[in-house]
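K.L.:
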Amino acid sequence: MTGTALKLTLDSHPKNIAEVEPYVNQVLQQYELDELLFGNILITLTEAVSNAILHGNQAKAHKKVHIASAIQQNCITFTIEDEGPGFDPAQLPDPTAPENLMTPGGRGVFLMQNLSDHVDFKEGGRMIELQFNLH
Numbered sequence: 114m115t116g117t118a119l120k121l122t123l124d125s126h127p128k129n130i131a132e133v134e135p136y137v138n139q140v141l142q143q144y145e146l147d148e149l150l151f152g153n154i155l156i157t158l159t160e161a162v163s164n165a166i167l168h169g170n171q172a173k174a175h176k177k178v179h180i181a182s183a184i185q186q187n188c189i190t191f192t193i194e195d196e197g198p199g200f201d202p203a204q205l206p207d208p209t210a211p212e213n214l215m216t217p218g219g220r221g222v223f224l225m226q227n228l229s230d231h232v233d234f235k236e237g238g239r240m241i242e243l244q245f246n247l248h
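By the count of our numbering, the sequence shown reaches residue 248 at its end, each step adding exactly one.
1) Do you know whose CA, among A203, D230, E134 and D207, lies nearest G219's CA?
2) Is Y144 near I184, with beta carbons less than 8 Å apart?
3) To test your reading of the DSSP string, which unbroken alpha helix (DSSP H) runs of 4 or more residues are found completely within the region 124–178?
4) Opposite S182 in the DSSP bridges: which residues?
5) Would you please state the rounded distance, in angstroms, between the beta carbons of E148 and L158? I believe it to be under 8 Å.
6) Is it right to say E160 is buried, meaning 16 or more other beta carbons lie within 10 angstroms of its own, or is it exposed?
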């Protein structure tokens, strides 16, 4: 259940968000992970990469999004890093607040926090680590 870290670098073009699913499939095969993890990993990585491309790098194709995976004994961690200015996740509005329920968008970080086992924002919000326990 160990292996070489798998990395992926994407240009910040919205069409490249589609590259997340083949990457997740490759990670699951490389590390021989339970397919039950696929859905949560796919959704969280798709949200993180989408945010990095659209918000972090503002869809400027010359800017890159870097994705990496690392596996430890009991968990797998994904790191997503963009070249944008960063942000403060504490300043995001609560998507479950009544005034935000009908607002389109604004649920990506909420989904990441609820579908992964641990989320950590680093580098001033330019990097996110998503951790999934291997039960």
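From the three backbone atoms N, C-alpha and C, an ideal C-beta is built for every residue, glycine too.
Computed from a prediction, not measured in an experiment: that's the story for all the values here.
P.N.:
Quick answer:
1) Here residue 219 refers to the residue found at position 106 of the sequence shown. With distances taken between Cα atoms, G219 lies closest to D207.
2) By one-based count along the sequence shown, residue 144 stands at place 31. By one-based count along the sequence shown, residue 184 stands at place 71. In contact: Y144 and I184 (Cβ atoms closer than 8 Å).
3) 133–144 and 151–164
4) By 1-based counting over the sequence shown, the position of residue 182 is 69. S182 is bridged to F191.
5) Within the sequence shown, the letter at position 35 stands for residue 148. Within the sequence shown, the letter at position 45 stands for residue 158. A Cβ-Cβ distance of about 15 Å is found for the pair E148 and L158, leaving them out of contact under the 8 Å criterion.
6) The count along the sequence shown starts at 1 and reaches residue 160 at position 47. With 16 or more other Cβ atoms within 10 Å, it is buried.
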